[in-house]
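Following numbering that gives the first Met the number 0, the numbering of the sequence shown begins with 0 at its first residue and continues without gaps. C-beta atoms are modelled at their ideal positions from N, C-alpha and C, and glycine is treated no differently. Computed from a predicted model, the values in this text were never measured in an experiment. A short write-up of the structure that comes next.
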Amino acid sequence: MKEAAGEANLTVVAIILIGVIVAVVTPLINSLMKSTAERTCCTDAGGVWKGNSCQPATGSSETLEGYDDCVKNAKGEKE
């Protein structure tokens, strides 16, 4: 009977640890996904990702067509 109680306790501990790991890792993965989406949108629009922002590849002040719409779509925002 003691062995069954010990196994039950280990199961509970394992479930709690899995829950804690999921709670910690989920925001990190979401952040990485959003960052990757923004970088991809920048590249698709013809820009270069520098210093956490999208800049025109030529260094000029030209606008990057479609970048803002792409980021909104990637974040799931409605227009």
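What did DSSP end up calling Gly-46 once you bin it into helix, strand or coil? The residue given as residue 46 occupies position 47 in the sequence shown. Looking at Gly-46 - three-state DSSP - the assignment turns out to be strand.
Would you kindly work out how many angstroms separate the C-alpha atoms of Cys-53 and Ala-13, rounded to a whole number? As a position in the sequence shown, residue 53 is number 54, starting the count at 1. As a position in the sequence shown, residue 13 is number 14, starting the count at 1. Those two C-alpha atoms are separated by around 43 angstroms.
First through last residue of the alpha helix (DSSP H) which encompasses Asn-51: Reading the sequence shown from its first residue, position 52 is the one you call residue 51. Neither: Asn-51 is in no alpha helix (DSSP H) and is coded neither H nor E.
Quick check: the region 36-51 against the region 6-24, are at least 3 beta-carbon pairs closer than 8 angstroms? no
Roughly how many angstroms lie between the CA atoms of Asn-72 and Leu-31, to the nearest whole one? Walking along the sequence shown from the start, residue 72 turns up at place 73. Walking along the sequence shown from the start, residue 31 turns up at place 32. Looking at the two C-alpha atoms, the distance is approximately 16 angstroms.
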